[in-house]
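Chains as they are written, first to last, in my numbering: chain A, 22 to 135; chain B, 6 to 118.
All C-beta atoms in this analysis are idealised placements derived from N, C-alpha and C, irrespective of residue type, glycine included.
Note that the structure is a prediction, hence the values are computed from the model and not measured.
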């Protein structure tokens, strides 16, 4: 079974703090994604990566950065957390290639910024 | 750009009722279409998928048919159970190497005994 794990299920941080969200997958997937999920807005793509040290902006990258130093790990960084970044963060991975492949999701990290 | 529009929720049904959740999409090219389900406290998991026009995806009694002429991928189940209570997301994949997906807003389904 594919497993995608996220470092925390719940986090509480203060405004201005630097926040790291970690995601690890165990299926040797090339592509990894970070989304945020907000009520009524569905999932919105923040960043994705299709290879080690490669990254691409998604639809809402402002206020975020990412790091992918190893194939299995994809980190989301909030340089200076703000209250409007309170949300559920979901990591996903999939194998690359144009054949149809499912994205596999982690359980999510619920972040509260005070 | 690509977009997915889902039927607004929440949807509340009695056990054994018929379920339809509407989904329409806008995309260039020939996307693949997916339904994902999110149970309380969990991440999303694939429910079913279809890769080309007229394909029918099915799983756990759920079905959806890829309708290119109406750009739709409606989710149906003939008899829902309490355990089907969850949030359902329609999504498309752009079938490029990166495999970016576009998701609908999600529809919350509650099934009452």
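Interface annotation, residue 49(B): in contact with chain A, CB-CB separation under 8 Å. For residue 123(A), the C-beta contacts it makes with chain B under 8 Å involve 39, 51 and 54, in order along the chain. Straight-line measurement puts the Cα of residue 76(B) at about 38 Å from the Cα of residue 29(A). Secondary structure note for residue 46(A): its beta strand (DSSP E) is the uninterrupted segment 40-46. Less than 8 Å separates the beta-carbon of residue 20(B) from that of residue 116(B).
Residue 100(A) and residue 108(A) have their alpha carbons spaced roughly 16 Å apart. Three or more beta-carbon pairs drawn from the region 38-52 of chain A and the region 91-99 of chain A are found closer than 8 Å, and the two stretches are therefore classed as touching. Residue pairing for residue 49(B): DSSP places it in a beta bridge opposite 43(B). With respect to chain B, the C-beta atom of residue 62(A) has a partner C-beta closer than 8 Å. DSSP places residue 52(A) in the uninterrupted beta strand (DSSP E) bounded by 52-59. In summary, residue 52(A) is buried, with 16 or more beta-carbon neighbours lying within 10 Å of its beta-carbon over all protein chains present. Residue pairing from DSSP places residue 27(A) in a beta bridge opposite 44(A). Residue 111(B) sits buried, since 16 or more C-beta atoms from the chains shown fall within 10 Å of its C-beta. Annotation for residue 89(B): 116 place their beta carbon closer than 6 Å to its own, counting only its chain and skipping 5 residues before and after.
Judged by pairs of C-beta atoms under 8 Å, the region 54-62 of chain B touches the region 31-40 of chain B, as three or more such pairs exist. Neighbours of residue 34(B) across chain A, judged by C-beta separation under 8 Å, do not exist; the nearest C-beta is about 11 Å away. For residue 115(A), the enclosing beta strand (DSSP E) stretches over residues 108-115.
Around the CB of residue 107(B), 16 or more other CB atoms lie within 10 Å, so the residue is classed as buried.
Using a 10 angstroms sphere on the CB of residue 94(B), the tally of other CB atoms reaches 16 or more, which defines it as buried. Here residue 113(B) carries a strand assignment [DSSP, helix/strand/coil].
Between residue 44(B) and residue 96(B), the gap from beta carbon to beta carbon reaches 8 Å or more. Of all residues in the region 38-57 of chain A, the ones placed with a Cβ closer than 7 Å to any Cβ belonging to chain B are 52, in chain order.
At a Cβ-Cβ threshold of 8 Å, residue 89(A) and residue 78(A) do not count as neighbours.
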